[in-house]
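Only one structure is covered here, and it is reproduced in the block below.
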Amino acid sequence: MRLREFWKWAFLLSLLFISFSLSAQETKAIKFDLEAEALEAKGNFEEAQIKRNLAREIRRNNFARQKPETPLVGDPIAKQPHPFSAGNKVWLKGFWELGFRGNIPRADFNSGMDWALDNGRVLTQAGFPYMPRNTIPYQNQSVLPFISEAERLSPKEGILPTLHFSYTAENKKWSIEYSNLPMHGSYGHFAYGFDNQIARYQTAFQMYDHRLMVRIHEELDQERWFSWDFGLRVGGWTTQSSFVSPTLNQAGDLREVARFVAPSAGFRIYQSAIKNSRIEFGSDVFYTTGGTLDYERRFMQEGGVNFAGVPLVATQLYKVESSKPSELKISGADINLIYSFLISQSHRISFGAKTTGYTWSANESVLPRVTGARGEDVLSGIYNWYTTSAIYEADGDGKRASRYFVVTNFYVGYNYVF
């Protein structure tokens with residue numbers, strides 16, 4: 003009973019104290035109101051406003067309901083960030099990243115089909131043994147039947163630098179990205195024939211593939227996003243090769259330039275990781291029939307016999323080149339895997355792996371331009387084009403098997419995040 007009485011009296015005394023305190027504060031506020039009215043009657047509106055503000059502040063402190071603060075559950079720093087959480091300054095309604103990549107590429111080539119083994123008729127077509135296809139050049143330059151040609155290239159420098167930039171809209175709904183896949187290399191190989199015949203070849207290959215992508219983002223949850231990718235690829239490659247055969251008294255070179263512009267489409271998945279990092283995985287495909295292939299091949303021979311078996315009394319010189327660019331059809335796909343992390347919200351470090359496959363073929367229905375030192379040299383050039391083109395290789399129907407190559411690239415990148 004005594005405890006109940008104690009709490010009863012404590013409650014009543016607290017209520018009386020609060021009532022007295024509020025009454026005193028309200029009396030003070032009323033005093034300020036009366037002083038404000040007196041000042042207004044005298045025309046002193048500035049000081050009257052000060053008095054009314056004091057009265058208003060007293061009543062707000064006594065009677066206004068304060069909004070409770072939302073308690074923080076857990077450690078907010080430990081919460082995974084948004085995968086596109088980067089940048090401190092908005093420019094053109096978005097955040098920009100600009101930097102570079104150090105690429106370590108490698109290319110693997112295949113001629114598409116070894117016709118001499120797959121089609122026995124080709125071996126004796128036109129009365130001469132068919133020479134195997136070159137692995138990298140589109141034109142067949144082999145002058146002897148047995149070759150030991152490389153099928154893999156990598157740059158001697160080891161690392162090839164490229165630029166990279168991206169733009170992400172402020173609302174995180176879409177973004178733009180530019181990247182480039184470079185590759186070049188060279189190799190030498192030998193061709194062998196019967197009776198100790200030999201020829202030495204030297205080939206160089208250089209390619210580029212610029213890619214501009216627009217990504218439409220979709221939120222799966224706070225830490226996982228998905229994007230539809232639509233873009234344009236502008237690429238091409240240049241092949242240069244030369245050979246010399248001291249046993250055949252022959253020498254020659256060729257040059258090929260391929261160019262293409264292809265639309266592409268794909269997807270990408272973004273997953274937030276620890277400490278302001280993210281993982282990206284995606285793929286896209288591209289296809290076009292509007293590419294072009296220009297080629298040029300020169301040949302020289304001293305002594306020996308021509309294609310008809312007639313002894314040569316003078317040096318034979320001719321050139322075979324495309325009269326206009328051949329139509330090039332190319333398709334491909336790539337796979338990307340990237341891990342990146344932010345330092346101080348302004349520096350992004352990336353580690354990536356990318357594999358891109360290219361399948362292509364050219365339409366050789368357009369006759370080339372053949373020039374020579376003499377009339378019989380022009381005839382030799384025409385025959386040379388026939389035996390090295392799809393018209394001969396595909397047994398007259400002109401449907402040469404497609405070539406393909408795969409470029410695998412590992413890179414480390416740095417971007418400054420504005």
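Each number in this note's numbering comes from the position in the sequence shown (counting from 1) with 2 added on.
Built from N, CA and C at the ideal position, the CB exists for glycine as well.
Could you tell me which residues DSSP puts in a beta bridge with residue i?
i, result
"Trp93", "According to DSSP, Trp93 bridges with nothing at all."
"Glu282", "Tyr272 and Ile340"
"Asn365", "Glu329"
"Trp227", "Glu221 and Tyr272"
"Val145", "Note: Val145 sits in no beta bridge, so no partner."
"Asn417", "Gly101 and Arg350"
"Phe192", "Arg202"
"Lys356", "Asn338 and Asn411"
Can you give the Cα-Cα distance for residue i and residue j, rounded to whole angstroms?
i, j, result
"Thr291", "Gly268", "19 Å"
"Arg270", "Phe262", "24 Å"
"Gly195", "Pro248", "13 Å"
"Lys326", "Lys277", "56 Å"
"Ala253", "Ala275", "59 Å"
"Ala171", "Glu179", "12 Å"
"Trp227", "Asp286", "17 Å"
"Met209", "Tyr413", "17 Å"
"Glu258", "Ser244", "12 Å"
"Ile340", "Leu256", "39 Å"
"Ile332", "Gly293", "7 Å"
"Ile200", "Gln303", "15 Å"
"Asp336", "Thr358", "4 Å"
"Glu59", "Asn173", "40 Å"
"Asp77", "Ser229", "Caution applies to Asp77, whose pLDDT of 42 falls short of 50 and renders its modelled position unreliable; the value that the coordinates give is listed next. Using only the alpha carbons, I get a separation of about 30 Å."
"Glu366", "Phe167", "39 Å"
"His186", "Thr241", "10 Å"
"Asp197", "Ser113", "27 Å"
"Pro147", "Leu319", "22 Å"
"Asp211", "Arg405", "17 Å"
"Val246", "Gly334", "35 Å"
Helix, strand or coil for residue i, going by three-state DSSP, please let me know.
i, result
"Gly45", "coil"
"Glu258", "strand"
"Ala253", "strand"
"Glu378", "helix"
"Thr291", "strand"
"Glu323", "strand"
"Gly383", "helix"
"Gln318", "strand"
"Gln199", "coil"
"Ile60", "helix"
"Asn411", "strand"
"Ile52", "helix"
"Arg405", "strand"
"Tyr297", "strand"
"Tyr210", "strand"
"Asp399", "Bear in mind that a pLDDT of 49 at Asp399, under 50, signals an unreliable position, so the model cannot answer this."
"Ile138", "coil"
The ligand COA and residue i: does any heavy atom of the ligand fall closer than 7 Å to the residue's C-beta?
i, result
"Ile276", "Ligands are entirely absent from the displayed structure, and the ligand COA is therefore not among its contents."
Are the C-beta of residue i and some C-beta of chain B separated by less than 8 Å?
i, result
"Pro248", "Absent from the structure: chain B. Only one protein chain is present."
Item to check | Whole runs of the beta strand (DSSP E) within the stretch 153 to 186, excluding any shorter than 3 residues | outcome: Correct list: 162 to 171 and 176 to 182.
Item to check | Three-pair Cβ contact test at 8 Å for the stretch 153 to 171 versus the stretch 97 to 113 | outcome: In this structure the stretch 153 to 171 lies against the stretch 97 to 113, because at least three pairs of beta carbons, one per stretch, are closer than 8 Å.
Checklist entry - With a cut-off of 8 Å, do at least 3 Cβ pairs link the stretch 354 to 364 to the stretch 376 to 386? => result The stretch 354 to 364 is not in contact with the stretch 376 to 386.
Item to check | Inter-stretch contact (C-beta, 8 Å, three-pair minimum) for the stretch 368 to 376 and the stretch 221 to 232 | outcome: The answer is no - the stretch 221 to 232 does not touch the stretch 368 to 376, with fewer than three Cβ pairs under 8 Å.
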